[in-house]
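Undergrad: I am attaching a structure below and will ask some questions about it afterwards.
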Amino acid sequence: MGFLVVLAQRTLYGLLLLLAVLVLNFTMINLAPGDVVDTIAADMGGASAELVAQIRAEYGLDQPVIVQLGNYIWRVFQFDLGQSYFYNRPVTEMIFERLPATLLLVFSAQIFALVVGILLGVFAAQRPNGILSHIVTLFALFGYAAPVFWTGILLLIAFSLKVPLFPVAGMRDVTVEGFFPQVLSVAHHLVLPMLTLGSIFIALYSRLCRASMLEVLGSDYVRTAKAKGLSPRDVTMKHALKNALPPVVTLAGLQFSAVISGAVLVETVFSWPGLGQLALTSILARDTPTILGILFFSALVVIVGNLLTDLVLRLIDPRVRGKA
Amino acid sequence: MSEQTQLKARSPFAEAFEMFRRNHAAVAGLVILLAIVAIALLGPVLYPGNPFDMVWAPFTPPGTEGYLFGTDYLGRDLLSLLIHGARVSLTVGLAAAFVTVTIGITIGALAGFYRGWVEEVLMRLTEFFQVLPTLLFSMVIVALFGASLMMITIAIGLVSWPAVARITRAEFLRIRELEYVTAARAGGVRNGGLMFRVILPNALPPIIVQAALMVGSAILFEAGLSFLGLTDPNVASWGQIIGSNRQYILDASYTVTVPGIAIFITVLAISLVGDGLNDALNPKLRER
């Protein structure tokens, strides 16, 4: 089957998942006690029954539930996620302001964790009982058990407060001018959040990569490659690694939703101006349209992340390419 | 070889116990975990009083004035907060893992047993839940339906079950084709009996291991939520101590490091026990 056909299929499936997220959002709004009108009425300090009915009609809340659901989905497809109660601004506008920061954090942490995790795994697999193997095992255990927000605060204490190598909060230094200095400033601010978020996933990827490498290194074609006199480095890097990578990439793809969850906590610790921070403030302010909009967009990021993983997998693994 | 024959003569429980006992890290984990459970159970008796009471000047460093871990930004005894917080962390962790496993087993068992359209629908549902970032989704649930411990437990369970459902389904798919299941079916056992009395007991080992790990991740989850302030403000919990003292790390970093160590050790102990259970219950590993 052609590559484009598969891509189209996956995209369509992704759209269906997004539609399901919308239905879920709508259901949750309707199940939760109180609705928009109650909030507006409360903001006005109470409203008469007639006014409430009028507002209800204005928001289309007097119509049958299924019509309301249809309206909601139609509005979202026009990029209208409603108006924030708290900020009094369109939700999509606020999300688009915040999305780049979150995307930067999420993707840099993923790539960082993948690179370091794979390197650690490959080197650990050279000596299954060597010291690096033990370090990888320990790190995997510790990386899982340490709460990510705590790791972040510890790094903050160590490398921003005690030894002021990195900034304490934010995403860029506003006093810096010019394109390249600004990029550098963002990179400088990104280091600690990226390390914090990446640490959990380095633990995960290095352990799987080590196991996957060990399995591949024991296979016949690796013995053949060694027997025909290839250098150990060529055997590891060209023959073994290529075959050990797909499981690691697959796992990384499955982790996108976990990375976003972690990002919410990391953004809070480092005051990183992304979606997670917006989610927290709007939750504390009971700003339902914003909260649900963020849930929608984070699901979108996960779906796009899965799609990208699929593409990468096809690029590095001819066996997947052959199949549908 | 002789060792294997000897092992086979014993009951499966004794065999599993023997395998667990040989894993020193797992035994250490179990001991630590039991100690933490004992503290959570007995602590409030040995250390009575409201942990939210101000007992001394704020930011009293650990070890002074008889306060082992010092006091926090409101002058509350950190040790008392930690002991009372242990209850919340462990209870929510266990209860949320129970909710997770119940939903996961039900969905995975139905999908793996009935196959066909039931499996298709349920596995699509599982994939759907995996697309939603777990923490954000549970934040939304807690925000819309209230931040009681009960709601937090349900929210954690509601977002974490897909992993359990996948494992259960895989086990059911494998076991339903085995001969003893066919034999039971031929013997007139109905679907419900086949699912829960014939297949489920044999599918349990990997599910038990996963359930143990789920307790750990539920504790981390609860800590994350309460760190963000999405918890019952009248109940002390480890994440909440970290969240509320976060602004004062310059004055008193121990108010953040100490509760973090409590979470870290508890989750570490649970995952060591989980690894040990994996060795003990996984027959594939036993053959090695």
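Each protein sequence line maps, in turn, to chains C and H.
The first sequence runs 835 to 1158 under this note's numbering.
The second sequence runs 46 to 333 under this note's numbering.
Positions of the beta carbon are idealized from the N, C-alpha and C atoms, including for glycine.
1. Which residues in chain H have a C-beta closer than 7 Å to the C-beta of Thr1102 of chain C? List them in chain order.
2. If you measure between the beta carbons of Ser183 of chain H and Ala208 of chain H, is that distance less than 8 Å?
3. Is the Cβ of Ala979 of chain C closer than 8 Å to any Cβ of chain H?
4. Please classify His968 of chain C: is it buried, with 16 or more other beta-carbons within 10 angstroms of its beta-carbon, or exposed?
5. For Gln917 of chain C, list the residues DSSP reports as bridge partners.
6. Mark Arg923 of chain C as exposed unless 16 or more other C-beta atoms lie within 10 angstroms of its C-beta, in which case mark it buried.
7. In this structure, how does DSSP classify Asp277 of chain H when only helix, strand and coil are distinguished?
8. Identify, in the order they occur along the chain, each residue of the same chain with its Cβ nearer than 6 Å to the Cβ of Arg331 of chain H, setting aside the five sequence neighbours on each side.
9. Taking the continuous alpha helix (DSSP H) assigned at Tyr299 of chain H, which residues delimit it?
10. Going by C-alpha to C-alpha distance, which of C:Val1103, C:Asn1077, C:Asn1140 and C:Leu1118 sits closest to Asp1151 of chain C?
11. Can you tell me whether Asn323 of chain H is buried or exposed, with buried defined as 16 or more other CB within 10 angstroms of its CB?
12. Less than 8 Å between the C-beta atoms of Ala85 of chain H and Ala140 of chain H, yes or no?
13. Tell whether a beta-carbon distance below 8 Å holds between Leu1112 of chain C and Ile1094 of chain C.
14. Starting from Pro207 of chain H, find everything on chain C with Cβ-Cβ shorter than 7 Å and list it in chain order.
15. If you compare alpha carbons, which of C:Val855, C:Phe837, C:Gln1089 and C:Trp1106 is closest to Arg169 of chain H?
16. Nearest CA to the CA of Gln175 of chain H: which residue from H:Trp162, H:Gly149 and H:Gly157?
17. Any Cβ of chain C within less than 8 Å of the Cβ of Gln175 of chain H?
18. Is Pro998 of chain C buried or exposed, if buried means 16 or more other CB atoms sit within 10 Å of its CB?
19. Per DSSP, what kind of secondary structure is Thr1070 of chain C in: helix, strand or coil?
20. Would you say Gln285 of chain H and Ser298 of chain H are within 8 Å of each other, going by their C-beta atoms?
21. Using the beta-carbon count (16 or more within 10 Å), is Phe62 of chain H buried or exposed?
22. Return no unless some Cβ of chain C is closer than 8 Å to the Cβ of Phe309 of chain H.
23. Any heavy atom of the ligand HEM inside 7 Å of the beta-carbon of Thr276 of chain H?
24. Distance cutoff 8 Å, beta carbons only. Does Val1136 of chain C sit that close to anything in chain H?
25. Starting from the beta carbon of Ile294 of chain H, find every residue of chain C whose beta carbon is closer than 8 Å, and list them in chain order.
26. Does the stretch 975-986 of chain C come within contact of the stretch 951-967 of chain C, defined as at least 3 CB pairs closer than 8 Å?
27. For a cutoff of 8 Å on Cβ pairs, would you count Ile201 of chain H as touching chain C?
28. Taking only beta-carbon atoms, is Phe190 of chain H less than 8 Å away from chain C?
29. Count the other CB atoms, across all protein chains shown, that sit within 10 Å of the CB of Val1135 of chain C; report buried if there are 16 or more and exposed otherwise.
TA: In this structure, then:
1. Leu273
2. no
3. yes
4. exposed
5. C:Pro924
6. exposed
7. coil
8. Residue placement at Arg331 of chain H is flagged as unreliable, the pLDDT there being 49, under the threshold of 50; the coordinate-derived value follows with that caveat. Same-chain partners within the cutoff: there are none.
9. For Tyr299 of chain H, the enclosing alpha helix (DSSP H) begins and ends at Tyr299 to Leu326.
10. Checking every option, the nearest Cα to that of Asp1151 of chain C belongs to C:Asn1077.
11. Under a 10 Å Cβ-count criterion, Asn323 of chain H is classified as buried, with 16 or more other Cβ atoms of the shown protein chains found around its own Cβ.
12. Ala85 of chain H places its beta carbon 8 Å or farther from that of Ala140 of chain H.
13. no
14. Here the premise fails: no neighbours, minimum Cβ distance about 10 Å.
15. C:Val855
16. H:Gly149
17. For Gln175 of chain H, at least one C-beta of chain C is nearer than 8 Å to its own C-beta.
18. exposed
19. Helix, per DSSP.
20. no
21. exposed
22. yes
23. Only the bare structure without any ligand can be found here, which leaves the ligand HEM out of the picture.
24. yes
25. Ile987, Leu990, Ile991 and Leu995
26. no
27. no
28. yes
29. buried
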